[in-house]
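Have a look at the structure below, then the notes.
Number of protein chains: 2
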Amino acid sequence: MASGRQRVVVLGGGFGGVFTAKHLKRVADGKLEILLISRHNFFVFQPLLPEIAGGSINPGDGVVPLRRFLPGIEVMVAEVREIDLRSKNVQVSLGSDTGLEPVPFDQLVIALGQVVDLSRTPGLADRAFVIKDVMDAFQIRNHVLGCLERADAASDPARKQALLTFVVIGGGFTGVETVGEVHELIRKSLRYYPRIRRGDVRTILIQHGPRILPELPERLATYAADNLRRRGIEIQLETGVKAATAFAVETDRGPPIEAETIIAAIGNAPSPLLKSLPLELEHGRIGVDRAMRVRGHDDVWALGDAAHIPLGDPAAGDVAYAPPIAQFAVREAKVLARNVVATLEGREPEAFAYHSLGTLAALGGRRGVAELLGLRISGFPAWVAWRLFYLGLLPGLATRLRVAADWLLDLLVGRSIAELRGTRPSSQPMRFSAGDRVIEPGVAPGGTYVVTSGAFDIRANAPNPSAADGGQDPVSPDRTVGPGDVFGLPLSGEGTSASEWVCASAPSTAYFIDKDDLHRLQMVFALIKRRADDGGSDNSA
Amino acid sequence: MASGRQRVVVLGGGFGGVFTAKHLKRVADGKLEILLISRHNFFVFQPLLPEIAGGSINPGDGVVPLRRFLPGIEVMVAEVREIDLRSKNVQVSLGSDTGLEPVPFDQLVIALGQVVDLSRTPGLADRAFVIKDVMDAFQIRNHVLGCLERADAASDPARKQALLTFVVIGGGFTGVETVGEVHELIRKSLRYYPRIRRGDVRTILIQHGPRILPELPERLATYAADNLRRRGIEIQLETGVKAATAFAVETDRGPPIEAETIIAAIGNAPSPLLKSLPLELEHGRIGVDRAMRVRGHDDVWALGDAAHIPLGDPAAGDVAYAPPIAQFAVREAKVLARNVVATLEGREPEAFAYHSLGTLAALGGRRGVAELLGLRISGFPAWVAWRLFYLGLLPGLATRLRVAADWLLDLLVGRSIAELRGTRPSSQPMRFSAGDRVIEPGVAPGGTYVVTSGAFDIRANAPNPSAADGGQDPVSPDRTVGPGDVFGLPLSGEGTSASEWVCASAPSTAYFIDKDDLHRLQMVFALIKRRADDGGSDNSA
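Each protein sequence line maps, in turn, to chains W and U. The working numbering applies: residue 1 is where the first sequence begins, and numbers increase by one. The working numbering applies: residue 542 is where the second sequence begins, and numbers increase by one.
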């Protein structure tokens, strides 16, 4: 290894980063030292996530192990914490048990993609599943199957209906594909649940805009919407989500939708790291020139979802930019790799230019829509085109074979309904609307609620039914609890008894501590309380 | 459905329960109402768990969805909480958000299997992975791959060695198969980790008795031990485990073994539910007659690992009992189903009798040992026999095909090294030995430690190296903290600074709160502290 070699550090293990590293290795012919830094040791093939959520692909089969796909390239599994463009250093964290480690670079490629940010909608981040990562998608699959199990056993009709209501927010590619696949998983599983009738299940797609799939021509989007509706999926257009509570999705149209399952396919936002950089952001993405070089930094490059790449000359009034999709990232990577080597050799970099091969969406149920090379197709042929297209785009023979085997088994023997739960306890912040019944006698609370805002009424007798719709109960409660108070299972002696009702009397929040967590933390709580009682005295020997 | 039908409730979704339900349906010919109650909606094929831990089978592929395998049989996913033999009622919990529900029965079949109880060895329950459930096995696979990633990036040699030390406790079938498969996973993955040499990895099997695989003839066990040793696995015989600390396994021989990975394949114990029953337990199992009827209860039956089934006449001095293995449970189920129907029809039940077809163990690396129909085979033929035997025993065509496809892909393209981490935070109780360095400057602590017993020294200067071996540091510490004190990341303002060292000065325990959990719980802690400061006054409105 010649010590004179330049070190290129690539940040991000998505399409942009992985293919940049791959092409750099090929183009540089040993003249560069290449290091890829990724959060995971695998590459997530995002277009397949809805199929993992729908259970037709095993979670481990929709990913590509980086070290295997990138022979000869150094791979580091770490979180990028800081980027210092001046000293040409990146600070990374290798895990919760070690400190930050500096990684120096000569050339830096930023391919950090985007993150999901649901903070603009109250309660959504706490309540919704996202579909960004492979384990997110796998969790959705297991949760959906768990809802079927619990609905089959449920005796209370309202509870059963909430368990059988599945809401997907966002009518773009991911939202449409996810609602289609989840609906398919449910449809194929229902015959094993004798107590659930098909009409009991509601799958709902909520879209803010006037139509779904705005990236596709209207005719195809209409076909897609018709197809989803015909299969029984409700589509609510021009509908905004105001909040998510412990029990429901609140929209700006109609009454709250009581649902156990909320999936958010919205909220793509720039990585918080980008905002910390002394760089000009354009629409939350890093501004680069047509060669994908970050303006004002000769040794820094950016591509993929994190970069705002002009497809023409912005100075000449050209307003076309590369869209944040896989196809483009893969092509950008190829050009960027050549550009890095060209500039190191004193040659001129080339401008990125690419015409999309087309766009495709799978709708589930062996149907799809596609615009390929100007051709618009829909139905079964588009679905086949979708599968072939992504099987071709999927990097690595092993992964391709695994996905093909999953699809074949799905056709031959159907998908599994095994609910593979992890052991994750469900402690989390929760939001309640006024009138929500949180605890009822006869139903053992799953843990302790610590009120963080608002107020809850506690009463020994059933609340007036009209109060459940947010109305005022004429009979005043036995007591009302507020922030800092505790109800449910007792914590430090405080809680509610098994015969009491608890209702939110105003829009309120509480931190729910699952009884398993509670058990584990009980000792810690007791110690902290004792210390506080002692006046925080120092126990030092 | 005739209301006069007897209702048979089967408790447990393992081999015994599932096959009893299946055979009952067949034998009863519609004359019985059959309900199976299981914790999961699938049946775990236990013999394949080591292969899931080794990554050659996908977690979802090694299980059989109950509803699919048991058409016409009612399935309820629930935890059994109470069994009342007098009122003929079982109380079950359907989830943390609902109360107990009564399930009446006419005939009860107890097939609750066994649980893992590691409480006899201090620290082991908190530190060790078990291999009882499919997600346990999947977690082991991911953890092992994560250790390779972190070891590849580690700069501290001692830390690297701990990350590369894998200890399996227990030399029975599960322990031997697990150590063999985990070793194989590591061996096949190493070529992707350029900074780990093969000699850096230690896989250790600890066995209490004088030899491994005591269930097999000595010659086969010797072959197995030789094979494992030749492949580089260390076997420590006649070694007891005294304790597991945050950093090490302490045995009754030699120095503590510093290891990041501890897998316990020991501790099979009766379900706590069995102890609560007014039944006579024999070696922790329910005493039954030769027809598998619980003594003194005409309508209660037991089989599988939960039952102590005589193979001869105990009164005549016969001391043979059915061993707790899959083969026997499957055959017991068949006889038990016939016996339930026979007694309902007024016929005599038959005595259970079965001669084992043999026993097999897979050693990993395409080697095995087997005693089949009196024939002793070892090596590659035994491994093939193992795979065919269990593929044949695996219920359901779909599962059989899935497992066969996984094995085929493993042969064709090798196993994946993708570390599929869940998002489970790692808050947990931890144990330390005297002298353990818990926090060092430059290494950011992963969270907050609340001391629960013992004492920790905090000092601004490095402790004397000899103190690391449990010796006394001649320089006294800056301060010492004890139960109720906090170190690491600050909690309520208390913690240690980034430049301080923390060492256990005696055998100690602490509850570690992961920084992600800490962040989520901070608000709750603050509220509780404030309330304690207010003297616990009632905030009621």
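We put the beta carbon where it would ideally sit given N, CA and C, even for glycine. Computed from a predicted structure; not experimentally measured.
Review point. Taking just the CA atoms, how far does Ala810(U) sit from Val656(U)?
Key: 5 Å
Check your understanding: Taking C-alpha atoms, which residue in Lys22(W), Arg290(W) and Ala342(W) lies nearest to Asp318(W)?
Key -> Arg290(W)
Check your understanding: Got a sec, what are the start and stop residues for the alpha helix (DSSP H) Val517(U) sits in?
Key -> Absent from the model: residue 517(U). The displayed extent of chain U is 542 to 1082, so no value can be given.
Point to revise | Chain-ordered neighbours of Asn89(W) on chain U, where CB pairs are closer than 8 Å | key: Within chain U, no residue comes near Asn89(W); the closest Cβ sits about 16 Å away, beyond 8 Å.
**Study point:** Chain-order list of residues whose beta-carbon lies under 7 Å from that of Lys188(W) (same chain, five-residue window excluded)
**Key:** Gly414 and Arg415
Check your understanding: From Gly549(U) to Leu611(U), what distance separates their C-alpha atoms?
Key -> The displayed chain sequence assigns Val, not Gly, to residue 549(U). Straight-line Cα distance between these residues: approximately 15 Å.
Practice item. Compare the C-beta of Ala923(U) with all C-beta atoms of chain W and state if any pair is closer than 9 Å. Key: no
Check your understanding: In or out: Phe129(W) buried (at least 16 other Cβ within 10 Å) or exposed?
Key -> buried
Review point. Apart from the five residues just before and just after Ala1009(U), which ones in its own chain have a Cβ nearer than 7 Å to its Cβ?
Key: With a pLDDT of 49 at Ala1009(U), under the threshold of 50, the modelled position of that residue is not reliable, and no figure is offered here.
Check your understanding: Can the beta-carbon of Ile598(U) be found closer than 9 Å to that of Val944(U)?
Key -> yes
Review point. Going along chain U, which residues have a C-beta under 9 Å from His519(W)?
Key: Here the premise fails: no neighbours, minimum Cβ distance about 11 Å.
**Study point:** Nearest candidate by alpha-carbon position, reference Arg431(W), set Pro59(W), Ala248(W) and Ile37(W)
**Key:** Ala248(W)
Review point. Run through DSSP, which three-state label would Val882(U) get?
Key: helix
Check your understanding: Is there at least one Cβ from chain W nearer than 9 Å to Gly1054(U)'s Cβ?
Key -> A small correction: the amino acid at residue 1054(U) is Ile; Gly does not occupy that position in the sequence shown. Yes, its Cβ sits closer than 9 Å to a Cβ of chain W.
Check your understanding: Of the residues Leu408(W), Glu218(W), Gly488(W) and Phe105(W), which one's Cα is nearest the Cα of Ile439(W)?
Key -> Gly488(W)
Exercise for review: Just the chain U side, please: which residues come within less than 7 Å of Gly60(W) by C-beta, in chain order?
Suggested key: Asn599, Ser957, Ala959 and Leu961
**Study point:** Whole beta strand (DSSP E) elements within the stretch 927-998 of chain U, 3-residue minimum
**Key:** 969-973, 978-980 and 988-994
Practice item. In the DSSP assignment, find the beta strand (DSSP E) that holds Gln6(W) and state where it starts and stops. Key: Gln6 to Leu11
Point to revise | Outcome for Phe921(U) when other beta-carbon atoms lying within 10 angstroms are tallied against a minimum of 16 | key: exposed
Check your understanding: Measuring CA to CA, which of Met135(W), Val134(W) and Leu118(W) is closest to Arg127(W)?
Key -> Leu118(W)
Review point. Taking 9 Å as the CB-CB cut-off, is Phe352(W) touching chain U?
Key: no
Check your understanding: The beta strand (DSSP E) with Glu348(W) in it runs from where to where?
Key -> That residue, Glu348(W), is in no beta strand (DSSP E); it is neither H nor E in DSSP.
Check your understanding: So is Pro606(U) in contact with chain W if we call contact Cβ pairs under 9 Å?
Key -> yes
Check your understanding: Closer than 9 Å, Cβ to any Cβ of chain W: which residues of the stretch 942-955 of chain U, in chain order?
Key -> Leu942, Arg943, Ala946, Asp947, Leu949, Leu950, Leu953, Val954 and Gly955
Check your understanding: Which runs of the alpha helix (DSSP H) spanning at least 4 residues fall entirely within the stretch 127-197 of chain W, listed in chain order?
Key -> 134-153, 157-163 and 173-189
Review point. For Val650(U), which residues from the same chain have a beta carbon less than 6 Å from its beta carbon, with the 5 sequence-adjacent residues on both sides left out?
Key: Val551, Thr561 and Trp842
Practice item. Flag this pair as yes or no: are the beta carbons of Ile131(W) and Ala244(W) separated by less than 9 Å? Key: no
Practice item. Determine the contact status of Ile850(U) and Glu821(U), defining contact as a CB-CB distance below 9 Å. Key: no
Exercise for review: Can you grab the Cα-Cα spacing for the pair Leu653(U) / Ile186(W), in whole Å?
Suggested key: 30 Å
Practice item. Assign Arg888(U) to buried or exposed, taking buried as 16 or more other Cβ atoms, counted over all protein chains shown, within 10 Å of its Cβ. Key: exposed
Check your understanding: When you compare each of Gln547(U), Leu573(U), Met676(U) and Ile624(U) to Ile593(U) by their alpha carbons, which one comes out closest?
Key -> Met676(U)
Practice item. Report the residue ranges of all alpha helix (DSSP H) runs contained in full by the stretch 198-232 of chain W; include only those spanning at least 4 residues, in chain order. Key: 218-230
**Study point:** Interface partners of Glu635(U) on chain W, CB under 8 Å
**Key:** At residue 635(U) the sequence reads Leu, which differs from the Glu that was named. Correct list: Arg150, Ala153 and Ala154.
Practice item. Starting from Ile37(W), trace the beta strand (DSSP E) both ways and give me its first and last residue. Key: Leu32 to Ser38
Review point. With burial defined as no fewer than 16 other Cβ atoms inside 10 Å of the residue's Cβ, what is the status of Pro698(U): buried or exposed?
Key: exposed
Review point. Distance, Cα to Cα, Gly553(U) vs Leu24(W)?
Key: 56 Å
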